[in-house]
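Under our numbering, the first residue of the sequence shown is numbered 13, with each subsequent residue one higher.
Note that CB positions come from ideal geometry on N, CA and C, so glycine has one too.
The structure displayed is predicted, hence computed values, not measured ones.
Read the structure below first, then the notes.
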Amino acid sequence: MNKLVLANLLHRPLRSIISVLAIAIEVVMILSIVAIFMGMLDDQKERTNGIGADLVISPSNASFMNGVSGAPMSAKLAEVFRRMPHVTVASPVISDFSMAGNVEILYGIDYPSYDALKPFVFVSGGPFKGSYDVIVDDVFARAGEGHSVGDTIKILNHSFRICGIVESGKGGRKLVPLDTLANLMGSDGKASVIYLKSDNPANEAFITNEIHNTKGLENYKVQTMADLIALYTPSKFPGFDLALNVVISIAVIVGFLVIFQSMYTAVLERTREIGILKSMGASKGAIVGVVLRETAMLAVAGVLVGIASTYGVRAFLHLKFATFAFELTPAWLGWGTLIAFGGALCGALYPAWMAARKDPIDALAYE
């Protein structure tokens, strides 16, 4: 029976190849959209954690996305926090979500206080010397044709000189002076958040109470960095789950229809063959098994091609966009395989049922 299945697939090679490619495209679509979203999310989580702060302050009405982009609070509040007991560093930061050329989050920083949270490790160059200087991380510096200290890059349609290259993992890949970014955004004197460093992690609760007991600061949101990092999940980003479900649904429908059409046509072409098998005593289950086995072989081949192609997509993106995070996880490799395999088998169920119902006398008389 296995020889018959293989012979059937080889008898119509073009149709088999198209079916395999359809399933492969389904797998690539699912794995790529997940890898892109999760890669961006986990990369930002890791770099936020590397800032070195213990607490982060934001306005009471600020959502999680306000912390990713926008400047809703006064940067002068940093002076108030610095005077509080057990606060050793208060650093105002502006983060601006930019899609100019590349999707990225620009950081506007007060260099002395931001460096005090956790010192930069310079690969080359040094701190800002002018308003239109920029510090970039080593990942960005290696991207494309490469960048070095002294090069000029465009940020928000303005030219910035690279003054320093630092090890990655401390917030944004591009960091510019706080006042400069505020001016470019039309948010002079503002900040997105203020990061605090305590003298001892055990005093974080005391600092939080002190802030909430200070007049004018009662409603400000105070979070530990652990709490902030915990918000970097798909459910907290608008549209993530919807986009993922839409892509998976489209991918499954494509795979389902191609397999359905392929197996339906195959059953129509093999009417006499099915009649011979049934006249020789093959049961309905055996006939269904032949169709499903053919589908399973196509699905296995399609999944393998799809996974290999996804790794090819990752290699291409890393080559063209070195700063782009593309995260393939074993869990989603498994889910992608199951979804594609299940969709293919579902697409073959009706053709298999139709084949099993054929009357052997009618099938043998079919021309």
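Can you name the start and end residues of the beta strand (DSSP E) that Leu-187 belongs to?
-> Numbered from 1 along the sequence shown, position 175 holds the residue referred to as residue 187. Looking at the DSSP string, the run of the beta strand (DSSP E) that includes Leu-187 is 186–189.
Over the uninterrupted beta strand (DSSP E) stretch that includes Gly-51, give me the two end residues.
-> By one-based count along the sequence shown, residue 51 stands at place 39. Segment 25–61 is the alpha helix (DSSP H) holding Gly-51; no beta strand (DSSP E) there.
7 Å CB neighbourhood of Ile-63 in its chain, flanking five on each side removed = Along the sequence shown, one-based indexing puts residue 63 at 51. So the qualifying residues of the chain are Leu-129, Lys-130, Lys-182, Gly-183, Tyr-207.
Count the other CB atoms within 10 Å of the CB of Tyr-126; is the residue buried (16 or more) or exposed (fewer)?
-> Numbered from its first residue, the sequence shown carries residue 126 at position 114. Per the 10 Å Cβ criterion, buried.
Sequence-distant residues of the same chain with beta carbon closer than 8 Å to Gly-79, five excluded per side | Residue 79 sits at position 67 when you count from the first residue of the sequence shown. Unreliable placement is indicated for Gly-79, whose pLDDT of 49 sits below 50; no coordinate value is reported for it.
DSSP three-state call for Gly-318: helix, strand or coil?
-> Here residue 318 corresponds to residue number 306 of the sequence shown, with the count starting at 1. Here Gly-318 sits in helix by DSSP.
If you count every other CB in all the chains shown that lies within 10 Å of the CB of Glu-230, and 16 or more means buried, which is it?
-> Your numbering for residue 230 matches position 218 in the sequence shown. Counting Cβ neighbours within 10 Å, Glu-230 comes out exposed, since fewer than 16 surround it.
The alpha helix (DSSP H) spanning Thr-220 covers which residue range?
-> In the sequence shown, the residue the question calls residue 220 occupies position 208. Here the alpha helix (DSSP H) through Thr-220 covers 216–224.
Buried or exposed: Leu-331, going by 16 or more other Cβ atoms within 10 Å of its Cβ?
-> The residue given as residue 331 occupies position 319 in the sequence shown. By the neighbour-count rule (16 or more Cβ atoms within 10 Å), Leu-331 is not buried but exposed.
Using the rule of at least 16 other Cβ atoms within 10 Å of the residue's Cβ for burial, across every protein chain shown, is Gly-137 buried or exposed?
-> As a position in the sequence shown, residue 137 is number 125, starting the count at 1. By the neighbour-count rule (16 or more Cβ atoms within 10 Å), Gly-137 is buried.
Whose C-beta lies closer than 6 Å to the C-beta of Met-96 among residues of the same chain, with five residues either side of it excluded?
-> On the sequence shown, position 84 is the one that residue 96 refers to. The answer, listed in chain order, is Glu-222.
So, are the CB atoms of Ala-352 and Gly-297 less than 8 Å apart?
-> Translated into positions along the sequence shown, residue 352 becomes position 340. Translated into positions along the sequence shown, residue 297 becomes position 285. Against a cut-off of 8 Å, the Cβ pair of Gly-297 and Ala-352 comes out as no contact.
Select from Gln-235, Ile-174, Leu-89 the residue whose C-alpha is nearest the C-alpha of Lys-227.
-> Position 215 of the sequence shown holds residue 227. Nearest C-alpha to Lys-227: Leu-89.
Would Ser-295 be called buried (16 or more neighbouring beta carbons within 10 Å of its own) or exposed?
-> Your numbering for residue 295 matches position 283 in the sequence shown. Exposed, since its Cβ has fewer than 16 Cβ neighbours within 10 Å.
Pro-342: buried (16+ other C-beta within 10 angstroms of its C-beta) or exposed?
-> For this step, residue 342 is matched to residue 330 along the sequence shown. The residue is exposed, with fewer than 16 neighbouring Cβ atoms inside 10 Å.
Anticipated Cβ contact below 8 Å, Gly-346 with Leu-43, distance rounded | Working through the sequence shown from its first residue, we reach residue 346 at position 334. Working through the sequence shown from its first residue, we reach residue 43 at position 31. Contact flag wrong, Cβ pair sits at about 11 Å.
Is it true that the region 317–324 meets the region 39–55, where meeting means three or more beta-carbon pairs spaced less than 8 Å apart?
-> yes
Reducing DSSP to helix, strand and coil, say where Glu-91 ends up.
-> By one-based count along the sequence shown, residue 91 stands at place 79. Note: Glu-91 maps to helix in three-state DSSP.
Would you tell me roughly how many angstroms separate the C-alpha atoms of Asp-54 and Leu-316, rounded to the nearest one?
-> Locating residue 54 in the sequence shown gives position 42, where the first residue counts as 1. Locating residue 316 in the sequence shown gives position 304, where the first residue counts as 1. So the alpha carbons of these two residues sit roughly 26 Å apart.
Tell me where the beta strand (DSSP E) around Ser-386 begins and ends.
-> A query on residue 386 cannot be resolved here, the shown segment of the chain reaching from 13 to 379 and no further.
Nearest-angstrom Cα distance between Lys-57 and Val-101?
-> Position 45 of the sequence shown, counted from the first residue, corresponds to residue 57. Position 89 of the sequence shown, counted from the first residue, corresponds to residue 101. Approximately 22 Å between the Cα atoms of the pair.
If you draw a straight line from the C-alpha of Gly-301 to the C-alpha of Ala-356, how long is it?
-> Looking up residue 301 in the sequence shown gives position 289. Looking up residue 356 in the sequence shown gives position 344. Roughly 14 Å between the two C-alpha positions.
Measuring CB to CB, does Ile-167 end up less than 8 Å from His-159?
-> The residue labelled residue 167 in the question sits at position 155 within the sequence shown. The residue labelled residue 159 in the question sits at position 147 within the sequence shown. Result no, Cβ atoms of Ile-167 and His-159 do not sit closer than 8 Å.
Can you tell me which of Ala-367, Leu-361, Glu-339, Leu-350 puts its alpha carbon nearest to the alpha carbon of Ile-48?
-> Taking the sequence shown and counting its residues from 1, the one referred to as residue 48 is at position 36. The option with the nearest alpha carbon to Ile-48 is Glu-339.
Since Ala-6 sits in a beta bridge, which residues does DSSP pair it with?
-> Shown here, the chain extends from 13 to 379; a query on residue 6 therefore has no answer.
Roughly how many angstroms lie between the CA atoms of Pro-104 and Ala-87, to the nearest whole one?
-> Residue 104 sits at position 92 when you count from the first residue of the sequence shown. Residue 87 sits at position 75 when you count from the first residue of the sequence shown. Their backbone Cα atoms lie some 6 Å apart in a straight line.
List the endpoints of the continuous beta strand (DSSP E) containing Thr-236.
-> Walking along the sequence shown from the start, residue 236 turns up at place 224. Per DSSP, Thr-236 belongs to the beta strand (DSSP E) from 233–236.
Roughly how many angstroms separate the alpha carbons of Ala-380 and Val-46, rounded to a whole number?
-> This structure leaves residue 380 out entirely; the chain is present only between 13 and 379.
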